[in-house]
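The next block holds one structure in the form of structure tokens; read it before the comments.
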Amino acid sequence: MNDEQVAQLEQAAPPEQAVQANTANPGNTPLAYYEIRLRFARREPAIWLAHLDMMRTFERAIRRAKLPVHWSQGFNPRPQMTFALPIGVGLATEDDYVDIQLIEPVAPDLMIKKLNDNLPIGFEILAGAPILPSKISLMSLVQAADYRLSIAGLAAAWRRIPVAQPLIVEKFSKGRTLQVEIRALILDVRLMSESEIVIRVKAGSSANLRPDLFLDALVVYGGLDAIAAADCAITRLSLLIHSTIDPSGYASPLRLPQ
Amino acid sequence: MTTVNLPRHVLASVEKPARYTGGEWNSVTKIVPDVAEQALRPFLRFAFCFPDTYEIGMSNLALRIIYHMLNEREDVWCERAFAPWVDMAATLRAEQIPLFSQESRTPLREFDLLGFTLQYELAFTSVLDMLDLGNVPLLTCDRTLDDPFVMAGGPVVYNIEPMAAVFDLVVIGEGEEVLQEITDVWLNWKKGGPSRTREQFLLAVAQLEGVYVPSFYDVAYQSDGTIATITPNRPGVPATIKKRIILDLDQAYFPTDSIVPNTEIVHDRIFLELFRGCTRGCRFCQAGIVYRPVREKSPEKLLGQALELEKTTGYDEVGMLSLSTSDYSKLSELTDSLLCELTPNHTSLSLPSLRLDNFSLELMQKASSTRKGGLTFAPEAGTQRLRDVVNKNITEENLLTAMELALRGGWSGAKLYFMLGLPTETMEDVDGIAKLARAIEDRYNKLPRFERPRRLELAISTAMFIPKPFTPFQWCAQADLDTMRSHQSHLRDQLRMTRSVKYKWHEPKISYLEGVLARGDRRLGAVILAAFHGGARFDAWDDQFKYDLWMQCIADAGLDPNFYARRERTRDEVFPWSHIDCGVTTDFLWTEYQQAMQAATTPECREQCSACGAQCFGGGVCFE
């Protein structure tokens with residue numbers, strides 16, 4: 004995108020959808036804001052950021068980009084921004100989402116350009132569209148996620164595990180070790196090649212499977228080498244919400260205008 | 030040129046992997062010219078090395094300034110390297126991965142110049158760890174033309190003698206100008222081709238004011254272990270090395286495109302450097318002497334830098350970094366203009382290290398108008414007598430008034446810093462700390478309920494006094510471990526009865542080792558090497574410090590730690606740092622020491638000049 008195109012976008016009327024600002028602020032002066040949903044990828048070296056670090060990184064990029072964000076109130080104002088699902092340290096993603104509230108409409112293409120110009124290496128905003136501000140958070144909508152795992156020996160390890168075998172692995176949580184059964188959280192396993200698996204698993208705030216626990220199961224029950232498991236590259240390929248229309252029952256949180 | 034490959038399992042197995050992965054906003058990457066091009070136009074690959082963790086290193090102002098300053102040059106690429114935490118260091122060793130730079134993951138050995146900044150003596154073993162992990166020979170005598178030059182700077186280099194065998198060259202004082210000169214000398218030396226020698230480069234930089242080449246000096250000892258003479262062993266090498274300073278800070282380079290770390294660091298905000306130096310002359314404070322004279326930046330310059338940095342970094346907080354921020358002569362003007370410009374952008378201002386005597390409600394309210402940070406005061410000692418000994422010119426009433434203002438202003442308390450083991454300290458002085466805490470409690474209780482916070486919270490912490498070179502107490506004996514402990518536990522017992530106080534203290538053994546190293550000589554070099562080989566590193570970290578190992582290494586070298594830490598020196602003793610000239614004269618320091626012993630105070634620079642010697646630099650507060 005060159006400067007001229009940016010200038011054109013700056014002048015372009017905002018998409019119709021975004022103009023319907025949220026006025027549901029009972030009792031008080033109506034507070035109007037607009038919301039935009041962005042799809043983003045994170046790749047090396049940014050995959051090593053913890054979730055909090057990533058939030059700070061986005062905040063600073065937003066500030067550098069001088070976007071008209073809606074700030075929270077109080078002593079410690081923050082840009083109003085919600086991520087769909089925290090992603091673990093060391094995991095890449097090609098399909099993650101963040102909702103950002105704005106006090107005036109910004110054309111999605113311009114927003115994408117400005118953010119991409121201000122995000123550190125490894126982050127890329129891929130798409131965006133205005134959404135209707137809603138009380139239901141993006142996080143609570145997330146139902147499933149697809150992950151691609153790549154390292155030699157994956158497919159063989161999966162094939163070695165009997166279909167009826169419960170997959171009990173150890174999970175460290177809040178300083179405790181828990182035994183959890185994860186087969187119930189696996190929706191689909193596709194062997195793409197001997198060294199690549201794509202899994203669809205439950206994700207979100209009610210039921211969630213971290214892909215590293217799936218790898219642990221491959222180590223424990225399928226004989227995958229532990230070092231290989233630690234070297235396995237993991238990429239979140241898609242993040243899915245419930246859909247009544249799509250035959251699979253899942254859909255992307257971002258529907259782009261045709 | 031090699032790039033280190035970091036397998037996923039390495040990063041996946043360590044704490045905070047983002048420390049090691051680079052790619053931060055505003056970090057600089059360059060294309061290294063090929064060998065043919067470099068033969069025509071030499072290109073310097075410089076690694077700024079910080080011998081502690083990423084979070085601490087990235088909070089260092091010198092790193093910020095030098096990094097961006099050198100990268101403005103087309104003939105230099107300055108990268109960064111930090112001490113890997115013990116988990117990462119163990120993994121790198123196990124997998125034989127050399128320590129690398131943050132930007133290009135180049136092994137340290139492939140750099141031309143490694144510049145370490147030393148902020149505390151306890152980082153010595155981490156310097157060795159970084160060199161060792163980077164496959165760089167630890168000693169200057171073992172390095173060849175294929176190895177980098179290893180350089181040091183920072184406050185610790187005012188006595189770098191314990192590490193004299195490690196560093197090829199040392200920069201005494203402020204680096205902005207002299208690093209440019211060293212770079213030019215290196216680029217010129219590199220043109221000399223394969224017949225050039227390391228000695229040629231070192232001889233050339235030894236001519237620059239502020240550059241110390243330890244191997245060019247011989248140290249002779251007397252039979253009692255003290256130093257007889259320190260003499261140059263090459264013709265044309267100066268007998269004393271005078272520190273470098275920047276006189277006009279408004280003209281000095283300051284980066285306005287500073288790196289924004291991807292992971293949280295200690296000072297995670299914009300830094301403004303209001304001034305260098307300090308007018309106060311606290312007698313325990315090395316920084317207060319070696320950074321003399323005070324030189325201020327103008328408020329206009331600072332405002333401009335703050336606004337530029339706010340744009341380029343996206344930080345939402347501006348911090349002020351100076352020895353005693355509230356002594357800045359135009360503080361009110363500066364904070365007003367900063368707040369006026371920053372508040373609309375939801376950017377806050379934090380004011381650290383306030384002094385008790387010029388503490389104002391107005392200033393406090395300014396600091397709190399955007400975000401309420403904690404308050405920190407440093408009375409340093411518990412009684413007026415001892416505060417006079419150390420020349421901390423504040424009174425009990427200063428503290429109580431400031432605390433009352435703070436409590437009325439909505440703060441629920443403050444952090445109070447004290448030192449234990451100060452020269453002439455008695456139990457009465459220790460009791461004085463507890464009495465001060467109770468006096469604050471009394472003030473709090475007397476305040477009407479609606480004018481005070483619901484609860485009073487005081488965080489008192491004590492550090493052990495460590496006599497440092499270039500202070501009036503450089504002649505003093507450090508308190509022994511038993512005294513340190515008994516004073517500490519006495520204070521703990523006294524404070525138990527004071528409900529509002531949380532008491533924290535430093536480990537005396539760490540302070541004792543720091544005391545040994547701070548006034549150490551070259552004979553401690555072997556001790557540091559032995560301690561490193563025995564596994565010592567990150568010695569400033571309580572959970573890593575290995576006291577017994579250190580004491581064993583000192584004994585094995587046939588040395589006595591008390592010779593360094595616990596010995597009262599005479600006026601005419603030749604110190605290991607006697608060939609270093611920081612501008613302040615030994616006569617002034619000795620007079621100050623005598624004054625201290627009589628609990629007599631000395632006014633600060635702006636009130637009255639005490640002819641410390643810093644006038645010789647021809648600028649700053651001496652000529653205001």
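As they're listed, the protein sequences go chains A and B.
154 is the number that the working numbering gives to position 151 of the first sequence; each next residue is one higher, with no gaps.
390 is the number that the working numbering gives to position 361 of the second sequence; each next residue is one higher, with no gaps.
Don't be surprised by glycine CBs; every beta carbon is placed ideally from N, CA and C.
Note that the structure is predicted; figures quoted are calculated from it, not measured.
What would DSSP say about residue i, mapped onto helix, strand or coil?
i	result
W579(B)	helix
H97(B)	helix
P133(A)	strand
H245(A)	strand
I495(B)	coil
S540(B)	helix
D228(A)	coil
A47(B)	helix
W74(A)	strand
Q209(B)	helix
G178(A)	coil
G202(B)	strand
K69(A)	coil
V183(A)	strand
A443(B)	strand
M655(B)	Here chain B covers residues 30 to 653 and nothing more, so residue 655(B) does not appear.
M526(B)	coil
R193(A)	strand
If we ignore side chains and look at the alpha-carbon of each, how far apart do residue i and residue j end up?
i	j	result
E457(B)	E433(B)	25 Å
A152(B)	L92(B)	16 Å
D81(B)	I583(B)	23 Å
T285(B)	S56(B)	12 Å
W619(B)	R600(B)	7 Å
A193(B)	V556(B)	13 Å
L99(B)	A35(A)	48 Å
R239(A)	L143(B)	40 Å
A130(A)	D197(B)	53 Å
L157(B)	L276(B)	34 Å
A49(A)	M580(B)	43 Å
F567(B)	F574(B)	7 Å
L160(B)	L168(B)	10 Å
P127(B)	P113(B)	11 Å
Q280(B)	E362(B)	20 Å
T631(B)	L147(B)	30 Å
R225(B)	K219(B)	8 Å
A24(A)	V72(A)	Residue confidence is low: A24(A) scores 42 on pLDDT, short of 50, so the model does not pin down where it sits. Its coordinate-derived value is still stated next. So the alpha carbons of these two residues sit roughly 14 Å apart.
R66(A)	S140(A)	23 Å
G125(A)	S133(B)	15 Å
T376(B)	K444(B)	24 Å
Report the neighbours of residue i on chain B: residues whose CB is nearer than 8 Å to its CB, in chain order.
i	result
K157(A)	A quick correction: the sequence has Leu, not Lys, at residue 157(A). By Cβ distance, chain B contributes nothing, its closest Cβ being about 14 Å from L157(A), past 8 Å.
G125(A)	G52
D56(A)	A47, N291, T292, E293
For a contact meaning CB atoms closer than 9 Å, what does residue i contact in chain A?
i	result
S42(B)	A233
Run down chain A in chain order and give the residues with a C-beta less than 8 Å from the C-beta of residue i.
i	result
R37(B)	G93, A233, D234, C235, A236
H296(B)	Simply none; closest approach about 14 Å.
May I ask you to list the residues that DSSP assigns as paired with residue i?
i	result
C107(B)	F75(B)
P82(A)	W74(A)
Q104(A)	E38(A)
M349(B)	L301(B)
K531(B)	A488(B)
P136(B)	F129(B)
S377(B)	E346(B)
What residues of chain B sit near residue i, judged by a beta carbon separation below 9 Å?
i	result
R63(A)	W54, V289, T342, G343, Y344, D345
G213(A)	The residue you asked about is not Gly; residue 213(A) is Arg in the sequence shown. Those within 9 Å of R213(A) in chain B number zero; the least Cβ separation is about 13 Å.
Whose Cβ in chain A lies nearer than 7 Å to the Cβ of residue i?
i	result
H97(B)	Going along chain A, no residue has its Cβ under 7 Å from H97(B), so there is no contact; the nearest lies around 17 Å.
H375(B)	W74, P80
Residue i touches chain B at which residues, Cβ-Cβ below 7 Å?
i	result
I164(A)	Those do not exist, as I164(A) stays about 22 Å from chain B at its closest Cβ, beyond 7 Å.
P3(A)	For chain A, the structure presents residues 4 to 261; residue 3(A) sits outside this window and is missing.
R45(A)	Per Cβ cutoff of 7 Å: no residues; R45(A) is ~11 Å from chain B at best.
T96(A)	Within chain B, no residue comes near T96(A); the closest Cβ sits about 16 Å away, beyond 7 Å.
Any beta strand (DSSP E) of 3 or more consecutive residues that is wholly inside the stretch 274-324 of chain B
299-301
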